[in-house]
Amino acid sequence: MAEEKVDIKKVEAKKEKINDDKPKLKKQTTGMKILTVIFSIVSVFYVAPIIVVLFNSFKTKTSISSSPFTIPDAESFYGVQNYVKGMTFGNFDFYKVVLCSLFITVGGVFLILFCTSMAAWYITRVDSIVCKIIYYFCIFSMVVPFQMVMFTLSKTADKLKLSNPAGILIIYLGFGAGLAIFMFSGFVKGIPLEIEEAADVDGAGPLKTFFGIVLPIMKPTFISVGILETMWIWNDYLLPYLVLDRNDYRTIPIHIQYLNGSYGQTDMGAIMALIVLSIVPIIIFYFVCQRYIIEGVVSGAVKG
Amino acid sequence: MVKKQKKYFVIFVLPTFIAFIIGFIYPFFRGIYLSFCKFQTVSNAKWIGFQNYVDAFKDETFVRSFWFTALFVVVSVVAINLIAFFVAYALTLGIRGSNIFRTVFFVPNLIGGIILGYIWQLIFNGILQNYGSNIKLDSTYGFWGLVILMCWQQAGYMMIIYIAGFQSVPADLYEAARIDGASKGQILTNVTIPMMAPSITICTFLTLTNSFKLFDQNLALTGGAPGVVSKSGTMVYQTEMMALNIYNTFYASNRFRGVGQAKAVIFFLIVVVISLAQLYLTRKREVQQ
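If you read the protein sequences in the order shown, they are chains C and E. Taking the numbering used here, the leading residue of the first sequence gets 1, the next gets one more, and so forth. Taking the numbering used here, the leading residue of the second sequence gets 1, the next gets one more, and so forth.
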């Protein structure tokens, strides 16, 4: 195992080297220099909406609505007042919202990864009629729009008492199973059967074979599926909105929609502050594991 | 080995299978059944045949939302894919800063639809108020606002897929084309684009289904506004897309839930048929490797 790890690191280091060297290898022609300039300008415009929100979160209510594009000055600067207000805005503590979002996302993703990887391995290897039916239903479920099941799903969840953060994890497992099983099966098909047969000859049962041998091989797919499901659950609005008991539990998108929709006088300053607070963690997450995210997107698409 | 494995169905598959039944299979079939019923809650459903479907097609707001969605899908799919394709092309030429640009263009994907909607509402209203207007006052603003928002959000994601596509084209094909005296334009149309067909298939599929199912952004940016009273006296929301229309039919009041469910089935059929047709048409053009 130790040797393997070193090898992987070496390969990754090499990969990085290739990526870093690529732009330097080519000589920059005038056309390419112009492109760099154009893209730099476009990039600034691309992040501008986020910057505008960031600036506005430090401005007073009146100056947000009268002049949203100015940098906060002595007159319009409001300090961190918006953030202080935002913490308890709408009579709902913001830290509870963040905790709820975090719990559902982390819990949902781990549950999906754990359960569907096992299911996908079994379905691909056993290949009985029942397994085939489950597999095709999974693919089918990826195309079905949420509106098709939204009413019946929320009623079912209500009846089964799943309208709390723990219960919704089961709904996410069910609704997210399609993509996850599809991607895991695609990967399992590529694992040579001989490895598992060798384990079987050595006397390992299916559980030991799966957790000792198949699971470690599937690591890259775990990362891809994990990234895609994280982006989905963290940003999901309608499913938790309909399933959760909203008086007690709210995720970030639900909270922001509530503040905008149901209050006669919306405090734009507080909303700007909350938007900033909800974007910041995901952007940090992105910069930390950027390479995995981009690889996850690519492999998710290629298999899709 | 498989025989031994078979006994482990309960451990390996059953948890996922039960969740899948609760989360998808049961609600799906129950939904199809309910689309033929009149009901307010699930318990008082009464079979009425195709009446809900007839009502759905007669509903002006639904027809309007269909055309609005269709137009939006066409414009946004073309725009997103053209932008993403050419940005990806430029970023694979090896220009300085490619990695930074790639990183920046992907950022909007990480932000949820509701939040994106409110960010852009602020931006658009900030611009429009100089002309004494507002994004909720004119459906043209609402339409192009949604298109811009979707391009901003999705172009980065598609760009990543296209970049992977460009990088997977073998270098010797380019070399062969160059030796044969092909110009840059000829190489793009005769080598790159045919070799990129799988990426194009995937990206069109993703943008097509994403645009069709769009809900969060629509709800947050305009919420369907402006509403205009039609000749027959019904309020028709001008920028309401199909998903939002179905949602409003369900939850604005509880009187038309059967119709809402019928609309949902129609919506589902449209999405399935169009995405299958698209997959079939673009797959046909892919080069066998």
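Virtual Cβ for every residue (Gly too), placed ideally from N, Cα, C. Fair warning: this is a prediction, and the values are worked out from it, not measured in the lab.
| Query | Result |
| --- | --- |
| For C:V201, count neighbouring C-beta atoms within 10 Å of its own C-beta (all shown protein chains included) and say buried if the count is 16 or more, exposed if not. | exposed |
| Any beta-carbon of chain C closer than 9 Å to the one on E:P194? | no |
| Report yes or no: is there a C-beta of chain C within less than 9 Å of the C-beta of E:S76? | no |
| My parser needs the alpha helix (DSSP H) runs of 4 or more residues fully inside the segment 179-213 of chain C; what are they? | 193-201, 206-209 |
| Are the C-beta of C:M272 and some C-beta of chain E separated by less than 9 Å? | yes |
| Out of curiosity, what's the CA-to-CA distance linking E:L276 and C:L153? | 25 Å |
| Can you tell me whether C:M218 is helix, strand or coil according to DSSP? | coil |
| List the DSSP bridge partners of E:G227. | E:Y237 |
| Say whether the segment 210-224 of chain C touches the segment 180-191 of chain C, bearing in mind that this needs 3 or more beta-carbon pairs closer than 8 Å, one atom from each stretch. | yes |
| Quick one: does C:P68 have its CB under 9 Å from some CB of chain E? | yes |
| Do E:S232 and E:M195 have their C-beta atoms closer together than 9 Å? | no |
| Pop quiz: E:N81 and E:T207 are said to be a contact at Cβ under 8 Å. What is the actual Cβ separation, rounded to whole angstroms? | 6 Å |
| From what residue to what residue does the alpha helix (DSSP H) around E:E60 run? | 60-91 |
| Does the segment 82-92 of chain E come close enough to the segment 251-261 of chain E to have 3 or more Cβ pairs within less than 8 Å? | no |
| Return the residues of the segment 209-238 of chain C that lie within a Cβ-Cβ distance of less than 9 Å from chain E, sorted by chain order. | T209, F210, M231, W234, N235, D236, Y237, L238 |
| Indicate whether E:A155 and E:F105 have their beta-carbon atoms separated by less than 9 Å. | yes |
| Which residues share a DSSP beta bridge with C:F77? | C:K59 |
| Please compile the residues from chain C whose C-beta is within a distance smaller than 8 Å of the C-beta of E:R257. | F151 |
| Among the residues of its own chain, which have a CB less than 7 Å from the CB of C:L242, if the five just before and after it don't count? | M150, S154 |
| For E:C37, list the residues DSSP reports as bridge partners. | E:W47 |
| So for C:D93, helix, strand or coil by DSSP? | coil |
| Checking contacts by CB at 9 Å: is C:S43 closer than that to chain E? | yes |
| Tell me which residues share the same chain as E:A182 and place their Cβ nearer than 8 Å to its Cβ, disregarding the 5 neighbours each side in the sequence. | N190, V191 |
| Suppose you measure from the CA of C:G300 to the CA of C:Y292; what does that come to, to the nearest Å? | 12 Å |
| Buried or exposed: which applies to E:Q121, given that a residue is buried once 16 or more other Cβ atoms fall within 10 Å of its Cβ? | buried |
| For chain E, check one thing: does any of its Cβ atoms lie closer than 9 Å to the Cβ of C:S141? | yes |
| So C:C131 and C:I123 are supposed to be a Cβ contact under 8 Å. How far apart are they, rounded? | 4 Å |
| Quick check: is any heavy atom of the ligand HEM less than 8 Å from the C-beta of E:V273? | This structure lacks the ligand HEM; in fact it carries no ligand of any kind. |
| Quick one, which of C:L35, C:G31, C:G167, C:I112 has its alpha-carbon nearest E:G97's? | C:L35 |
| Locate the alpha helix (DSSP H) running through C:F140, then write down its first and last residues. | 129-143 |
| Looking at the C-beta of E:A220, does it have a partner C-beta in chain C at a distance below 9 Å? | yes |
| In three-state terms, what does DSSP make of C:V297? | helix |
| Do you know whose CA, among C:F92, C:A120, C:F69, C:A48, lies nearest C:I252's CA? | C:F92 |
| At a Cβ threshold of 9 Å, is C:M148 touching chain E? | yes |
| Name the chain E residues that come within less than 8 Å of C:N253, Cβ to Cβ? | Here the sequence assigns Pro to residue 253 of chain C, which means Asn is not the residue at that position. Simply G112, G113, I114, I115, D216. |
| Out of C:Q28, C:F175, C:F287, which one is the CA nearest neighbour of C:V109? | C:F175 |
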